[in-house]
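Okay, so here's the structure we're looking at.
Protein chains: 4
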Amino acid sequence: MKLSKRNERASQIIEAAFRLIKDKGYNNLTMQGLSTYANMSKGGINHYFKNKEEILIAVLEELDRKLFKTIDDKIENPEDPEDMLRKRCSGGFEMAKADPTLLYVLIDFTALSKNNSQYSEIIKHFFEKYRYLASVGVKGGITSGVYKNIIPEEFGVVMIAVWFGIWFQWALEQKAFNYDRVTKIVEDMMFNYLEGKKEKFFQNFDVDTN
Amino acid sequence: MKLSKRNERASQIIEAAFRLIKDKGYNNLTMQGLSTYANMSKGGINHYFKNKEEILIAVLEELDRKLFKTIDDKIENPEDPEDMLRKRCSGGFEMAKADPTLLYVLIDFTALSKNNSQYSEIIKHFFEKYRYLASVGVKGGITSGVYKNIIPEEFGVVMIAVWFGIWFQWALEQKAFNYDRVTKIVEDMMFNYLEGKKEKFFQNFDVDTN
Amino acid sequence: MKLSKRNERASQIIEAAFRLIKDKGYNNLTMQGLSTYANMSKGGINHYFKNKEEILIAVLEELDRKLFKTIDDKIENPEDPEDMLRKRCSGGFEMAKADPTLLYVLIDFTALSKNNSQYSEIIKHFFEKYRYLASVGVKGGITSGVYKNIIPEEFGVVMIAVWFGIWFQWALEQKAFNYDRVTKIVEDMMFNYLEGKKEKFFQNFDVDTN
Amino acid sequence: MKLSKRNERASQIIEAAFRLIKDKGYNNLTMQGLSTYANMSKGGINHYFKNKEEILIAVLEELDRKLFKTIDDKIENPEDPEDMLRKRCSGGFEMAKADPTLLYVLIDFTALSKNNSQYSEIIKHFFEKYRYLASVGVKGGITSGVYKNIIPEEFGVVMIAVWFGIWFQWALEQKAFNYDRVTKIVEDMMFNYLEGKKEKFFQNFDVDTN
DNA sequence: GATGAATGAGCGTTCATTCAT
DNA sequence: GATGAATGAACGCTCATTCAT
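Right under this line is the structure:
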């Protein structure tokens, strides 16, 4: 009971911090502003978090959770590796389009990570995980005999690069390009590439059916 | 003579600021620290720059110059559009590999750009320019009748996304993947894709020669 | 309870600032010095006042209050307009004599008012009010049929000029003249002048009794 | 020759400082701004004045000269004491009306004089001198047998008080009152008062002629 | 538990003054 | 003589953190 109340209060603080960073950036996040935004006294925050950094770690973990949830929720049929890959891919793009400003939270922490090994580690693991998730479809395809001559982890790097790179540009200026058409291009590009790495039989089959 | 000495001192400050941001991040850049690092008194910096922001704008412009120079220097034979495209592409990858930490300067300013329209505009133009440079090769290919059914600007977005996305991951953790192999993959992937957009005659010809 | 404590602390700061300006002048009033003088940390002052100017506005209002109180307290019998006028007049003189250094606060703010419209407005209203108070006695005298051919507001200007001009000289150098004799002269002068503006009947009567 | 050039340059600085203080106030007078305004390098100013304070002393002396000149120039017939008195009186009022902002220079230095005995002494002597000038007419009247029962120095205090007090109010807000009518009132008031102090014979004579 | 008054180190910036040229 | 680059102390102000209530 007490613990749940404690968690509730802590969440309240984290959510407020998250929103403030998203809207105004890390550099404009003050404990005073946070206390106002979280409807809690300045001293009160210290009951739940030792100091500002502890809050920020929690915010970063919350970001991870948010992103993961959004992307992973898209997957419906995890048995089919190709479908999972496509879903993850489009899931990431949809998320980035739905809330481009979320990027600024990530960027803020990346900027800070230069001098904070804790942030740095979390962000590293964060990208590792997404590379892994991206690679799983490819890996599944390989074990099921679909793709050949491809290192799934490396293709995960590519997928994440594309996803993040487009998100970044999109967050900077949304009128710069047509998001849907560009993401369609990269999806085509990536799956055409994987197509070319399918086994001969399937490739021939695909070509014939085309 | 006088002007050149003035420029020299100003460059000295910008370089110091650049290094400090690259090494310690914007949030740890103080005028005191800068004055120490630039071997100049705190007040002395004010002869060359009205305030901290003016220095930072200059640093951002320096970043632009640095990146542009590194990438554009790679182009040797600008007559051949495909060659230019490949050179620009690999030029970008080589630069990112040569000095991954340069990214931190860009990331720092991106984080700040959320609440600073001046930074924001510069970074936007920055990416616009690189998208344009990336698109020029494709555009040249179209006018010379090589590529079809492709919007060069949109492919520019893709190229920059890939370049930036890989750079980002590489800067975060260089032991996470094999940079050369991954960039080889994306280059293959992108040029295969463009290949598929070549005119029928060339496409058939290409297929035959494979 | 809380509010009163807050007001108490704010007053403490204002009083300290008032004293410092009175003793050392505005140009020697620093936040550090103020914090020392007010027995409060530098940052603590920021709980009560957003910035230095806010403190100074409060000091100016305090000055207004101080002067008003001292002068207005002298009036005992407001039914008799002539008496009120005399009381106000001598009240002002007594106040100026009692604490000539109070003038320095006013002079400091007047100097600053050149480039600060907020100070300027307050000081203008300040003098307006005193002109008004000075004119009220004359006005009363007119409605009760005592004075004729006189514009009370203009005589208010004269009274304030005399009061302020003598105060100023007195504050500069108190051994320069005999304050009581000089103020006696100006009181005589002013009331003789008003006497001359009384209705014929009273004038004759006065002349006869002389 | 050298000296005169030196004086010329020094005057250039003093005039610039005077104008800057008059227009922007002492608190906005910087050596950099002064050097710009005086068309002289910052270091150059140091050839003519040891430091800022020395310039300010010179400015104060210049103020004294300016005021004295304006007032004293009005006197045409110094043989007639009453005329001299009237001329000085109206001369002071005309000067104050012609350039009300001149007051701010005086006020600025008065504010500073609290912590600068040099300024303080100059301003004291300044007022002393004007009291003296104001008293001379009265004194002359006494020795020539016109006024009785009056201490000229004390009446000088009154005259300066009136002059300064009206100037002050006028400088603060020129639309607050009709300057000419008010100065007419105080001149009447003061000379009526002196009239009342003339010897019996003259007084009777005056009354008869009225 | 909860508050917000209080602290003080540290920030960006200004500016009178010095001095090599 | 004349310049303006360079200095550094001092300023107003911010803000994470502490702690008495």
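Protein chains in written order, with our numbering: chain A, 1 to 210; chain B, 211 to 420; chain C, 421 to 630; chain D, 631 to 840.
We put the beta carbon where it would ideally sit given N, CA and C, even for glycine.
Item                                                                                                                                                                           : Value
Let's test the definition: count the other Cβ atoms within 10 Å of the Cβ of Ser533(C) and tell me whether it reaches 16, buried, or not, exposed.                             : buried
Rounded C-beta distance between Ala381(B) and Leu270(B)? I'm assuming under 8 Å.                                                                                               : Not confirmed; about 18 Å, so no contact.
Using a Cβ distance threshold of 8 Å, determine whether the stretch 596-609 of chain C contacts the stretch 576-587 of chain C, with at least three qualifying pairs required. : yes
May I ask you to report which of helix, strand or coil DSSP gives Asp379(B)?                                                                                                   : Per the sequence presented here, residue 379(B) reads as Gln, with Asp not at that position. Of the three classes helix, strand and coil, the one that applies to Gln379(B) here is helix, per DSSP.
Check distances from the C-beta atoms of the stretch 591-609 of chain C to those of chain D and list, in chain order, the residues that come in under 8 Å.                     : Leu592, Glu593, Ala596, Phe597, Asn598, Arg601, Val602, Ile605, Val606, Asp608 and Met609
Since Pro782(D) contacts Val768(D) with CB under 8 Å, what's their CB separation in whole angstroms?                                                                           : 4 Å
Expressed to the nearest angstrom, what Euclidean distance is found between the alpha-carbon atoms of Asn402(B) and Leu85(A)?                                                  : 21 Å
Do the CB positions of Lys568(C) and Lys517(C) come within less than 7 Å of each other?                                                                                        : no
What residue from Phe259(B), Phe337(B), Leu316(B) and Asp398(B) has the CA that sits closest to Ile231(B)'s CA?                                                                : Leu316(B)
For the alpha helix (DSSP H) that Ser35(A) lies in, which residues bound it at each end?                                                                                       : Met31 to Tyr37
Here's the rule: buried if 16 or more other CB atoms are within 10 angstroms of the residue's CB, otherwise exposed. What is Arg485(C)?                                        : exposed
DSSP three-state call for Met95(A): helix, strand or coil?                                                                                                                     : helix
Within 7 Å (strictly less), CB to CB, does Thr740(D) reach chain C?                                                                                                            : yes
By DSSP, does Phe415(B) sit in helix, in strand, or in coil?                                                                                                                   : Because Phe415(B) carries a pLDDT of 47, less than 50, the predicted location of this residue cannot be relied on, and the following value inherits that uncertainty. Residue state, collapsed to three classes: helix.
If you compare alpha carbons, which of Tyr119(A), Asn115(A), Glu195(A) and Tyr130(A) is closest to Leu56(A)?                                                                   : Tyr119(A)
Taking just the CA atoms, how far does Tyr446(C) sit from Asn624(C)?                                                                                                           : With a pLDDT of 46 at Asn624(C), under the threshold of 50, the modelled position of that residue is not reliable, and the figure given next carries that caveat. Straight-line Cα distance between these residues: approximately 54 Å.
Would you mind reading off the limits of the alpha helix (DSSP H) that contains Ser254(B)?                                                                                     : The sequence shown places Gly at residue 254(B), rather than the Ser named in the question. Residues Lys252 to Tyr258.
Residues in the stretch 428-458 of chain C with C-beta within 7 Å of chain D's C-beta atoms, listed in sequence order?                                                         : Lys444, Gly445, Tyr446, Asn447 and Asn448
With a 10 Å radius around its C-beta and 16 neighbouring C-beta atoms as the bar for buried, classify Gly771(D) as buried or exposed.                                          : buried
Cβ of Ile360(B) within 7 Å of Cβ of Arg341(B)?                                                                                                                                 : no
Pick out whichever of Lys717(D), Glu684(D), Lys759(D) and Pro730(D) has its Cα sitting closest to the Cα of Gly817(D).                                                         : At residue 817(D) the sequence reads Glu, which differs from the Gly that was named. Per the Cα distances, Lys717(D).
Cutting at 7 Å between CB atoms, please list the residues of its own chain near Ile123(A), excluding the five before and the five after it.                                    : Phe109, Thr110 and Ser113
Please compile the residues from chain D whose C-beta is within a distance smaller than 7 Å of the C-beta of Tyr613(C).                                                        : Met819 and Asn822
Buried or exposed: Ala646(D), going by 16 or more other Cβ atoms within 10 Å of its Cβ?                                                                                        : buried
Over the uninterrupted alpha helix (DSSP H) stretch that includes Gly109(A), give me the two end residues.                                                                     : It is Phe, not Gly, that sits at residue 109(A) in the sequence shown. Looking at the DSSP string, the run of the alpha helix (DSSP H) that includes Phe109(A) is Leu102 to Ser113.
Please confirm whether Asn681(D) has its beta-carbon closer than 7 Å to some beta-carbon of chain C.                                                                           : no
Let me make sure I understand the geometry here. Which of Met819(D), Leu824(D), Glu803(D) and Asp710(D) has the alpha-carbon closest to that of Asp729(D)?                     : Glu803(D)
Enumerate in chain order the residues of its own chain whose CB-to-CB distance from Thr311(B) is below 7 Å, with the five nearest sequence positions on each side excluded.    : Lys232 and Ala381
Indicate whether Ile605(C) and Val788(D) have their beta-carbon atoms separated by less than 7 Å.                                                                              : yes
Is there a Cβ from chain D that is less than 7 Å from the Cβ of Gly641(C)?                                                                                                     : The structure shown does not extend to residue 641(C), since chain C spans only 421 to 630, so no value can be given for it.
Give the residues of chain B in contact with Lys114(A), contact being defined as C-beta atoms less than 7 Å apart.                                                             : Lys234, Gly235 and Tyr314
Count the other CB atoms, across all protein chains shown, that sit within 10 Å of the CB of Thr603(C); report buried if there are 16 or more and exposed otherwise.           : buried
Can you name, in chain order, every residue of its own chain whose Cβ lies under 8 Å from the Cβ of Leu454(C), other than the five neighbours on each side?                    : Ile433, Ala436, Ala437, Leu440, Ile465 and Ile475
DSSP state of Phe177(A), grouped into three classes?                                                                                                                           : coil
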